[in-house]
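Below you'll find the structure, written out as structure tokens, and then a few comments.
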Amino acid sequence: MNSDVFAPWEDPQAKPLIQFQNVTKRFGSFTAIDNLSLDIFEREFFALLGPSGCGKTTMMRMLAGFETPTEGHILLGGQDIDPIPPNKRAVNMMFQSYALFPHLSIWDNIAFGLRRDNMPKHDLQERVEEMLRLTRLEQFARRKPHQISGGQRQRVALARSLAKAPKLLLLDEPLGALDKKLRQDTQFELMDIQEKTGTTFVIVTHDQEEAMTVASRVAVMDQGQLKQVATPDRIYENPNSVYVADFIGDVNIIEGRATSGGDKTYQVDWAEGQTPLTATSATALSNGQSCHLAIRPEKVTISAERPEDAVNAIQGKVHDIAYLGNLSTYYVELANGTVIKAQSANTRRISRRSFTWEDPVWLSWTATAAVLLAN
Amino acid sequence: MRRAFLIAVPYVWLLALFMVPFFIVLKISLSDTALAIPPYTPTLDLSQGWAGIKEFFSQLDLENFVWLTEDDLYWKAYLSSVKIALISTVLTLIVGYPIAYGMARAPEEWRPTLMMLVILPFWTSFLIRVYAWMGILSEGGYLNQLLLWTGIISTPLTILNTNTAVYIGIVYTYLPFMILPIYSALERMDGSLIEAAEDLGCSRVQAFWLVTIPLSRPGIIAGCFLVMIPVIGEFVIPSLLGGSGTLMIGKVLWEEFFSNRDWPVASAVAVVLLLILIIPIVLFQRNQQKQTEAEQ
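First to last, the sequence lines map onto chains R and C. Using my numbering, the letters of the first sequence correspond one by one to residues 1 to 375. Using my numbering, the letters of the second sequence correspond one by one to residues 1001 to 1296.
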């Protein structure tokens, strides 16, 4: 493996910065975090992704010190941080609401944390100026938070939480309040700043696109448990469960029964009277085991004629077309009523498209395109 | 046209209910006492035409205001009123702030009930409540009985008819005016601000001083003015709970009007009191204005 690639989680020698050790958190009878273990490494940009109520915010609040685990321990740099109050942790947080102090100027907001450490006046000034430069806020230093825009406020919140040079920065839905265009710009800015400062970032988000864009690794959570922790491309290409496949991006799920065809190849019987589908899988399945086949729409080819050499080909009828400009998603209804989504780039003028509503079409994909998920 | 009308309504209201009575009082303060009904001269007689009006104005003078400076009772009473008002405002703030803080921190479903409890005393007459305090604070009153019974004291305390009783009465009566503006300032505060302060290295106490107090400052200022302004002219509490040593301008005013029947001097006292009150009222207005500007 190329040693330049940043992947400390592949290295068994690497010491994690944060360790969740069998952490459970209960609020009354509700279990927010269920016996969870996780390692996060230094300089990582780690995303906690999940629907609301999955426990991702609780994880973050435990790291910040606002909640303590009911069971288990959280280690930061090898030290158990459970008894350390939030104001004594080398962890800073950027709040979802930004939580800027309305009575202080931008400058004083950024200086707030440094003043608590009794930093000498000269160093303090330098540090605040540096933060203002980093977030391009120099000309707003004297303004109050209500006198600047939402995007600027977001940058002030970031500057304030970075000012103390924390070992770990927590970002709670940092871009949730921004509109789409600004959000995309800010995502790259965040990555830039993370690279420049070398701080470990943990971001909480429910926006899978955001998590995929910024993070070095993504943890998909559901009901207080980690479903999968992996790099964005592995999460997308090799989801380990139907839940993850379905949560990240668009996917077709076909249910069936697997029969081994040898050499990691399986035949999946998915409907009466249809030819079985062929898929490869690294994990072994027993004969007749029920399974799910997950195929991304963009990996399904749609054509008017049956492709000659296709491993998997099914005939259907165009039920609906979603035209997205650069792409079109075709909803193809099969003979048994199942709808399969196929996506293709609109490389030709729309008037020259060779099929339209109600036309019979063929869907095809390769043996490696689909992910075979055991139940 | 409609706008002019809308603006005119409050101005007419102000004119009829404030300016007209004020000018009547001002006119009386410039008159002389007389054994008559009403007990002062001159009175305006329009039947004599222009000469009557000139005659009327020629008889007005500042004699009563000069008198206020000659007898030291008056400036001592003004000074003592301001002092009592300042001390009781601070006391009310010390008692009221924790209550408002507790209310703002209480679970959401409890807040309307707590608010109700703060306002509830207004449902009974203010006079009756002050009389009730006489029953509590007197030598054989409930407070002394309780303290004697628990053995904290061996001889009853003299509280009624002292300044202490006046302070107790004022703090009790004006507490809601302090609590409500502070509560409304604290309730609007975003809880994550305190967490942010702690996250940036503040202890709980530091976070309170550096974030909670500055953010509730408009409420504190409004509450202090709402207490201090009426307390300066307070009459009922010092006359019922205070003793001969309690000197307050409201009491002096009442005595001039009803015991001495010296309406001109009483009016002069009232006019000066109003002038003293204008200062804090203007400051209060400016505070409110600044706050609305900050919120925009």
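Glycine is no exception: its CB is placed at the ideal position from the N, C-alpha and C atoms.
Where residue i sits in the DSSP three-state scheme
i	result
G198(R)	coil
G249(R)	coil
I1278(C)	helix
R136(R)	coil
V1118(C)	helix
F45(R)	strand
D1072(C)	helix
A1294(C)	helix
Q1048(C)	helix
M1019(C)	helix
W357(R)	coil
I148(R)	coil
G72(R)	strand
S1267(C)	helix
M191(R)	helix
C1224(C)	helix
H206(R)	coil
K25(R)	strand
S1239(C)	helix
L293(R)	strand
G35(R)	In the sequence as presented, Gly is not what sits at residue 35(R); that position holds Asn. N35(R) falls in the strand class under three-state DSSP.
Beta-carbon gap between residue i and residue j smaller than 8 Å
i	j	result
L17(R)	F41(R)	yes
A159(R)	I110(R)	yes
V229(R)	K56(R)	no
P145(R)	V156(R)	yes
L363(R)	A294(R)	no
G1223(C)	L1117(C)	no
H256(R)	D269(R)	Checking the sequence shown, residue 256(R) turns out to be Gly, not His. Cβ distance < 8 Å, so G256(R) and D269(R) count as in contact.
T186(R)	L175(R)	yes
L168(R)	T197(R)	no
V220(R)	G50(R)	yes
S105(R)	R142(R)	yes
S328(R)	A322(R)	yes
W1075(C)	V1265(C)	no
V1282(C)	T1089(C)	no
L1186(C)	G1233(C)	no
Within-8 Å CB hit, residue i to chain R
i	result
G1201(C)	yes
A1104(C)	no
L1215(C)	yes
A1185(C)	no
L1211(C)	For the record, residue 1211(C) in the displayed sequence is Val; it is not Leu. Judged by the 8 Å Cβ criterion, V1211(C) is in contact with chain R.
A1180(C)	Just to set this straight, residue 1180(C) is Leu in the shown sequence, not Ala. Cβ-Cβ to chain R under 8 Å: no for L1180(C).
S1244(C)	no
L1240(C)	no
D1061(C)	no
Assigned exposure category for residue i - 16 Cβ within 10 Å defines buried
i	result
G1191(C)	exposed
F112(R)	buried
N2(R)	Only weak support is given to the placement of N2(R): the predicted model assigns it a pLDDT of 48, under 50, and the value that follows is read from those uncertain coordinates. Flag for N2(R) reads exposed.
P297(R)	buried
R116(R)	buried
F247(R)	buried
Q1059(C)	exposed
I1007(C)	exposed
M1228(C)	buried
A1196(C)	buried
Short CB-CB distance (under 8 Å) between residue i and chain C
i	result
I18(R)	no
D117(R)	yes
H103(R)	yes
F95(R)	yes
P120(R)	no
P174(R)	no
P86(R)	yes
V5(R)	no
N238(R)	no
A64(R)	yes
G113(R)	yes
N92(R)	yes
Bridge partner(s) assigned by DSSP for residue i
i	result
M94(R)	L171(R)
E333(R)	K317(R) and V339(R)
S260(R)	Y266(R)
F30(R)	F27(R)
Neighbour flag for residue i against chain D, beta carbons, 8 Å
i	result
A1196(C)	No chain D appears in this structure, whose protein chains are R and C.
Heavy atom of the ligand PLP within 7 Å of residue i beta-carbon
i	result
V1211(C)	Although the ligand PLP was asked about, the structure shown includes no ligands whatsoever.
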